[in-house]
Amino acid sequence: AASDLAQDVTSSNQVLDLHIQKRVCQAFLKQLEDQSIDVQGNAVKCLAKIVCKFQEQQIGEVLAKLSQLVIDGKPEVRDIYATCLKGLLS
């Protein structure tokens, strides 16, 4: 479902309104806290694809969450978070 949502957001030519952006952003950020490493990894990949459709406030939330996870997250997935963070900043 997360991949389908990311695909729909990226393929749409319409600008998402702020309310929808917030809900989508919060859904993916919540998945970053999931116990499953697969779910977390998929959320990171999806965020990397759709963050360009977000306004600055949502981008800031994503960057803050990823930064926190790079510092405090599980060691086995820190590199995933760091790679996504690097991609978002470049």
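Going letter by letter, the sequence shown gives residues 932 to 1021 in our numbering. Where a beta carbon is used, it is the ideal one built from N, C-alpha and C, also for glycine.
| Item | Value |
| --- | --- |
| Quick one: is Ala995 buried, meaning 16 or more other Cβ sit within 10 Å of its Cβ, or exposed? | exposed |
| On the three-state DSSP scale, how would you describe Asn973? | helix |
| Got a sec, what are the start and stop residues for the alpha helix (DSSP H) Lys959 sits in? | Contrary to the premise, residue 959 reads as Phe rather than Lys in this sequence. Looking at the DSSP string, the run of the alpha helix (DSSP H) that includes Phe959 is Leu949 to Gln962. |
| Is it right to say Ala974 is buried, meaning 16 or more other beta carbons lie within 10 angstroms of its own, or is it exposed? | buried |
| With a threshold of 16 other CB atoms inside 10 Å of the CB of Ala937, please say whether the residue is buried or exposed. | buried |
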